[in-house]
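Engineer:
Residue numbers (the working numbering), protein chains in the order written: chain Y, 133 to 691; chain C, 9 to 411.
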């Protein structure tokens with residue numbers, strides 16, 4: 133180092149200043165903790181049964197790379213156009229932003245990404261072609277998801293579908309005003325394009341013998357639950373009484389069911405709401421009768437609100453006793469008031485009848501929608517059942533070697549479209565492992581970002597995106613899709629609200645705050661830490677708005 | 009308002025005349041000076057300064073970075089960082105806030121950084137007070153900051169503009185003090201100069217030494233006993249040089265903007281005065297009135313307004329004592345166990361002078377107590393009546409039990 137030899141005050145600079153660069157002083161040796169970039173998992177990703185990498189595709193949307201964002205979703209879910217419309221978005225109830233102002237409208241962004249790519253098709257991604265063949269029974273969301281994840285792994289997959297068209301409940305259960313058929317057809321078409329053979333009108337055990345399945349190396353049972361639960365009351369078999377599932381199926385296959393002017397729907401789930409809103413669109417006077425209160429309704433809250441807005445009436449704490457007949461047709465239904473008692477096994481408070489409160493609700497048609505069960509009677513395999521469902525383990529194995537099951541027909545998990553997609557994906561992973569190919573499932577447990585880990589200083593408060601919809605006047609009289617896709621501008625604004633919990637978005641906050649200028653951006657825009665000069669002060673880590681960095685202890689080195 | 013002031017409002021350099029508080033006069037000056045980094049923590053009665061500035065920045069009228077901080081210590085630290093990297097920096101504070109900055113005041117001066125700060129003079133606590141006296145800034149006497157005291161809102165604006173010029177020439181930080189409420193919250197007409205004239209007067213800062221991340225050097229690092237003293241000597245000499253620079257800048261300012269404040273000391277009716285009172289800040293305005301009225305009754309009184317406390321105006325004081333029979337100093341401050349601080353400084357300066365008239369040290373107006381014309385008359389009358397002061401501190405307006 134050059135020594136500054138001064139002989140007089142006149143020669144000296146006015147302040148203490150090193151003449152040499154301080155770069156050569158390796159202040160990194162002072163450090164006992166080191167900052168590292170470490171992506172963590174966001175709670176939305178944990179909350180998504182399909183395991184969509186939400187912050188990652190949001191990041192791509194932010195850069196307007198909509199096709200790549202779509203590919204990112206497709207890694208986990210082949211049906212984003214469907215789930216963007218009908219999923220009950222459990223991701224949003226986990227969103228860290230909910231603790232700050234309002235959760236991100238993730239489903240609207242998922243739908244936006246899917247709709248931006250309607251003119252494109254899922255590319256062939258399989259790296260290897262395998263000789264093993266897998267049969268999937270049922271083409272609902274579980275079956276489609278399983279087939280998709282298998283074909284991407286190079287397997288030869290055949291789906292057997294009993295109905296005339298693929299889609300299962302997505303086609304025969306969900307009304308068109310929620311899920312237009314062109315979207316469903318497009319996404320199923322994309323899966324078929326990858327090489328999945330979909331054999332429709334093929335009911336295994338009827339026009340396809342079970343023996344045909346012997347040529348497959350594994351089978352995934354995804355037959356769903358399409359058998360309506362019975363009310364178990366007098367008059368249930370009358371002509372004016374029909375199940376919600378049958379009612380919707382008829383309508384969705386173009387056979388308009390005969391329905392009287394006054395319609396009552398018994399139940400509080402999504403089928404009840406779908407049936408009620410459908411009947412309303414047929415110009416009927418519709419009332420939903422539910423034995424608990426609105427709070428306990430299993431249907432998606434947004435759907436309940438929509439139904440109410442459109443004019444569906446509700447009566448709560450009320451249960452049916454018998455259907456009243458007059459001249460062979462329905463005249464009404466005798467009901468009884470209920471009150472809520474202690475919680476039952478579902479965790480909800482159990483309704484108990486109030487004696488002497490019986491009364492009659494006049495009706496021409498009664499639609500029952502108190503739940504659906506699978507019909508397993510035609511399956512020859514011997515596996516355990518719990519109630520009317522196939523018992524499966526974590527890997528969706530039925531216990532019978534090579535026979536897997538998922539979706540509404542199996543025990544875990546079931547109930548919604550996205551649960552079925554998850555079951556299909558996990559089933560495919562398990563089959564992959566069973567057939568001796570290495571599973572791609574990551575076993576590394578990642579830390580989940582908590583709301584307190586977010587540096588909210590960087591995020592101004594902003595209102596959540598409200599799904600745009602067609603006018604009420606238009607929606608309640610037609611089967612036109614109610615909700616619209618958000619505009620690009622609005623989608624980008626919503627994506628900007630996202631904290632990107634645990635995912636580095638290259639915001640430069642760490643670089644700006646480093647007091648030692650020890651963070652460098654390389655030619656690819658990635659951050660590098662100059663550990664020769666980083667003193668380990670930790671400012672970068674505590675400033676990081678999204679918890680994508682952490683401090684780790686340095687290992688002591690004894691020289 | 010005197011004729012001079014009225015004329016100055018009509019000067020060709022004036023863009024517009026606004027009736028504004030002293031705090032806002034400071035804000036407008038900062039805007040005109042094209043300050044690049046502002047960092048401050050709010051404290052009554054300073055708040056208006058930075059409130060207005062944040063408004064100006066958010067309206068896009070000034071391209072500056074406003075750094076919000078959690079304390080005055082951090083505010084000054086931010087200004088030091090900004091200034092060391094070559095930016096023009098500003099902060100404002102008051103009283104306890106200034107006291108909290110103390111360590112970094114040394115830092116700023118020791119690094120020879122031309123930071124400008126507005127301090128609204130407010131009495132130190134406890135007992136709590138939000139009203140004016142000068143103990144807060146005078147306590148920072150030995151930190152190496154140039155200190156100005158302003159009499160009017162116009163002077164606040166003009167001094168901030170002059171301060172950047174002075175600071176960047178001598179490489180020393182400058183503190184501009186204004187009296188709490190009497191200036192900070194009182195509206196007066198203020199001539200806002202045209203930006204182009206200000207730009208001509210105050211070009212962008214050119215820092216001779218600055219931090220450059222691509223070629224890092226150590227600033228303010230450890231220095232051995234073999235060199236420390238020389239660096240200190242240089243700081244002291246810069247303070248000395250500042251006297252002449254302040255006079256020059258005041259003259260140049262007068263040429264461009266039509267207003268002068270006499271450099272370090274402004275004299276009023278001193279030419280034939282036998283009794284001169286040294287004042288500072290707003291009490292000077294009241295003193296002018298008392299001087300006029302006493303002169304109309306035949307008393308040869310005058311005033312010398314101390315505009316700059318650091319560097320202490322030596323030549324001006326020597327000149328003054330040659331004129332007067334007796335000199336009084338009005339201190340709005342007290343160094344406990346000694347005397348008023350300005351009195352003490354004046355007295356010390358005169359020890360080696362051949363001319364040494366009797367010196368009277370008055371203490372008045374602490375914690376915002378009004379200094380009225382009768383308070384000042386009392387001081388002049390005391391000087392006229394007494395050959396020498398009966399005490400080193402003459403407390404004027406103190407409430408005693410009536411006998």
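A virtual CB, placed ideally from N, CA and C, is assigned to each residue, including glycine.
Does residue 650 of chain Y come within less than 8 Å of chain C when only Cβ atoms are used?
Structural biologist: Within the first chain, residue 650 of chain Y is the residue found at index 518, counting from 1. No, residue 650 of chain Y lies away from the interface with chain C (no Cβ there is under 8 Å from its Cβ).
Engineer: From Y:409, Y:475, Y:581, Y:396, pick the residue whose C-alpha is nearest to that of residue 495 of chain Y; which is it?
Structural biologist: Reading the first chain from its first residue, position 363 is the one you call residue 495 of chain Y. Checked all of Y:409, Y:475, Y:581, Y:396; the closest Cα to residue 495 of chain Y is Y:396.
Engineer: On the three-pair Cβ rule with 8 Å, is the segment 596-603 of chain Y touching the segment 233-243 of chain Y?
Structural biologist: Taking 8 Å as the limit for Cβ pairs, the verdict is that the segment 233-243 of chain Y does touch the segment 596-603 of chain Y.
Engineer: Determine which residues of the segment 213-227 of chain C have a Cβ less than 7 Å from any Cβ of chain Y, and write them out in chain order.
Structural biologist: Cβ contacts with chain Y: 217, 221, 223, 224, 225, 226, 227.
Engineer: Relative to the C-alpha of residue 272 of chain C, which residue among C:290, C:323, C:280 is closest?
Structural biologist: As a working mapping, residue 272 of chain C is identified with position 264 in the second chain. Measuring from the Cα of residue 272 of chain C, the nearest candidate turns out to be C:323.
Engineer: Any beta carbon of chain Y sitting closer than 8 Å to that of residue 95 of chain C?
Structural biologist: Indexing the second chain from 1 puts residue 95 of chain C at position 87. It does not; no Cβ of chain Y falls within 8 Å.
Engineer: If the cut is a Cβ gap below 9 Å, which residues of chain C does residue 605 of chain Y touch?
Structural biologist: Translated into positions along the first chain, residue 605 of chain Y becomes position 473. Those do not exist, as residue 605 of chain Y stays about 43 Å from chain C at its closest Cβ, beyond 9 Å.
Engineer: If you measure beta-carbon to beta-carbon, which residues of the segment 235-269 of chain C are closer than 8 Å to chain Y?
Structural biologist: Hits within the stretch, in order: 235, 238, 239, 241, 242, 243, 246.
Engineer: For the alpha helix (DSSP H) containing residue 129 of chain C, list its first residue and its last residue.
Structural biologist: Sequence index remark: in the second chain, residue 129 of chain C carries index 121 (1-based). Here residue 129 of chain C belongs to no alpha helix (DSSP H); instead the beta strand (DSSP E) covers 124-129.
Engineer: Grab the span of the alpha helix (DSSP H) containing residue 693 of chain Y for me, first residue to last.
Structural biologist: The requested residue 693 of chain Y is not part of the displayed model; chain Y covers only 133 to 691.
Engineer: Check the C-beta distance from residue 179 of chain C over to residue 122 of chain C and give it rounded, since I have them as a contact under 8 Å.
Structural biologist: As a first step, residue 179 of chain C must be located in the second chain, where it is residue number 171. As a first step, residue 122 of chain C must be located in the second chain, where it is residue number 114. Yes, they are in contact, since the Cβ atoms of residue 179 of chain C and residue 122 of chain C sit about 6 Å apart, within 8 Å.
Engineer: What would DSSP say about residue 391 of chain C, mapped onto helix, strand or coil?
Structural biologist: Locating residue 391 of chain C in the second chain gives position 383, where the first residue counts as 1. Residue state, collapsed to three classes: helix.
Engineer: Please state whether the Cβ-Cβ distance between residue 541 of chain Y and residue 512 of chain Y is less than 8 Å.
Structural biologist: Within the first chain, numbered from 1, the residue matching residue 541 of chain Y stands at position 409. Within the first chain, numbered from 1, the residue matching residue 512 of chain Y stands at position 380. No, Cβ-Cβ distance for residue 541 of chain Y and residue 512 of chain Y is not below 8 Å.
Engineer: Within its chain, find whatever has a CB closer than 7 Å to the CB of residue 242 of chain Y; leave out the 5 residues flanking it on each side and keep chain order.
Structural biologist: In the first chain, the residue the question calls residue 242 of chain Y occupies position 110. Once the five neighbours on either side are set aside, the close Cβ partners of residue 242 of chain Y are 205, 212, 215, 216.
Engineer: Kindly indicate which residue of Y:225, Y:385, Y:366, Y:449 has the alpha-carbon position closest to the one of residue 399 of chain Y.
Structural biologist: Stepping through the first chain from its first residue, residue 399 of chain Y is reached at position 267. Out of Y:225, Y:385, Y:366, Y:449, Y:449 has the C-alpha closest to the C-alpha of residue 399 of chain Y.
Engineer: For residue 489 of chain Y and residue 360 of chain Y, I'd like the C-alpha separation in whole angstroms.
Structural biologist: The sequence position of residue 489 of chain Y within the first chain is 357, counting from 1. The sequence position of residue 360 of chain Y within the first chain is 228, counting from 1. Roughly 28 Å between the two C-alpha positions.
Engineer: What ranges does the alpha helix (DSSP H) occupy inside the segment 150-183 of chain Y, keeping only unbroken runs of at least 4 residues that lie completely in it?
Structural biologist: DSSP runs (the alpha helix (DSSP H)) wholly in the segment 150-183 of chain Y: 175-179.
Engineer: Using the Cβ count rule (16 or more neighbours within 10 Å means buried), how would you classify residue 305 of chain C?
Structural biologist: Here residue 305 of chain C is taken as the residue at index 297 of the second chain, counted from 1. It counts as exposed.
Engineer: Could you say which of C:352, C:385, C:233 lies nearest to residue 302 of chain C if we only look at CA atoms?
Structural biologist: For this step, residue 302 of chain C is matched to residue 294 along the second chain. It is C:385.
Engineer: Note down, in chain order, every chain Y residue with its Cβ under 8 Å from the Cβ of residue 231 of chain C.
Structural biologist: The residue given as residue 231 of chain C occupies position 223 in the second chain. 148, listed in chain order.
Engineer: Please list, in chain order, the chain Y residues whose beta carbon lies closer than 8 Å to that of residue 120 of chain C.
Structural biologist: As a first step, residue 120 of chain C must be located in the second chain, where it is residue number 112. Here the neighbours are 146, 147.
Engineer: Cβ of residue 179 of chain C less than 8 Å from any chain Y Cβ?
Structural biologist: The count along the second chain starts at 1 and reaches residue 179 of chain C at position 171. True, the Cβ-Cβ gap to chain Y drops below 8 Å.
Engineer: Thinking just about the alpha-carbon of each residue, which of Y:266, Y:210, Y:436 is nearest to the one in residue 535 of chain Y?
Structural biologist: For the purposes of this step, residue 535 of chain Y is taken as residue 403 along the first chain, with counting starting at 1. That would be Y:266, whose Cα lies nearest to the Cα of residue 535 of chain Y.
Engineer: I'd like to know whether the C-beta atoms of residue 444 of chain Y and residue 409 of chain Y end up nearer to each other than 8 Å.
Structural biologist: Here the question's residue 444 of chain Y lines up with position 312 in the first chain. Here the question's residue 409 of chain Y lines up with position 277 in the first chain. Cβ distance < 8 Å, so residue 444 of chain Y and residue 409 of chain Y count as in contact.
Engineer: Using the C-alpha atoms, what's the distance from residue 232 of chain C back to residue 341 of chain C?
Structural biologist: Position 333 of the second chain, counting from 1, holds the residue named residue 341 of chain C. Position 224 of the second chain, counting from 1, holds the residue named residue 232 of chain C. Distance between the alpha carbons of residue 341 of chain C and residue 232 of chain C is about 38 Å.
Engineer: Is it true that the CB of residue 291 of chain Y sits closer than 8 Å to the CB of residue 335 of chain Y?
Structural biologist: If you number the first chain from 1, residue 335 of chain Y lands on position 203. If you number the first chain from 1, residue 291 of chain Y lands on position 159. Cβ distance not < 8 Å, so residue 335 of chain Y and residue 291 of chain Y don't count as in contact.
Engineer: Within its chain, find whatever has a CB closer than 8 Å to the CB of residue 480 of chain Y; leave out the 5 residues flanking it on each side and keep chain order.
Structural biologist: Position 348 of the first chain, counting from 1, holds the residue named residue 480 of chain Y. Excluding positions up to five away in sequence, the list reads 424, 428.
Engineer: Buried or exposed: where does residue 661 of chain Y fall if 16 or more other Cβ atoms within 10 Å of its Cβ makes it buried?
Structural biologist: For the purposes of this step, residue 661 of chain Y is taken as the residue at position 529 of the first chain. Label assigned to residue 661 of chain Y: buried.
Engineer: Closest to residue 283 of chain Y by CA distance: which of Y:563, Y:139, Y:218 is it?
Structural biologist: For the purposes of this step, residue 283 of chain Y is taken as residue 151 along the first chain, with counting starting at 1. Here the closest residue by C-alpha is Y:563.
Engineer: Going along the chain, which residues of its own chain have a beta-carbon closer than 7 Å to the beta-carbon of residue 384 of chain Y, five neighbours each way excluded?
Structural biologist: Working through the first chain from its first residue, we reach residue 384 of chain Y at position 252. Taken in chain order, the residues that qualify are 303, 304.
Engineer: Could you check whether the Cβ of residue 163 of chain Y sits closer than 8 Å to any Cβ belonging to chain C?
Structural biologist: By one-based count along the first chain, residue 163 of chain Y stands at place 31. No, no contact with chain C.
Engineer: Is it right to say residue 276 of chain Y is buried, meaning 16 or more other beta carbons lie within 10 angstroms of its own, or is it exposed?
Structural biologist: The sequence position of residue 276 of chain Y within the first chain is 144, counting from 1. With 16 or more Cβ atoms within 10 Å of its Cβ, residue 276 of chain Y is classed as buried.
Engineer: From residue 136 of chain C to residue 279 of chain C, what does the alpha carbon distance come to, in whole angstroms?
Structural biologist: Here residue 136 of chain C refers to the residue found at position 128 of the second chain. Here residue 279 of chain C refers to the residue found at position 271 of the second chain. Distance between the alpha carbons of residue 136 of chain C and residue 279 of chain C: 42 Å.
Engineer: Suppose you measure from the CA of residue 584 of chain Y to the CA of residue 667 of chain Y; what does that come to, to the nearest Å?
Structural biologist: Along the first chain, one-based indexing puts residue 584 of chain Y at 452. Along the first chain, one-based indexing puts residue 667 of chain Y at 535. Distance between the alpha carbons of residue 584 of chain Y and residue 667 of chain Y: 26 Å.
Engineer: Residues of chain C with CB closer than 9 Å to the CB of residue 153 of chain Y, please, in chain order.
Structural biologist: Position 21 of the first chain, counted from the start, is the residue given in the question as residue 153 of chain Y. Within 9 Å Cβ-Cβ: 223, 224, 225.
Engineer: Are three or more beta carbon pairs between the segment 318-325 of chain Y and the segment 216-235 of chain Y nearer than 8 Å?
Structural biologist: Cβ pair count under 8 Å is below three, so no.
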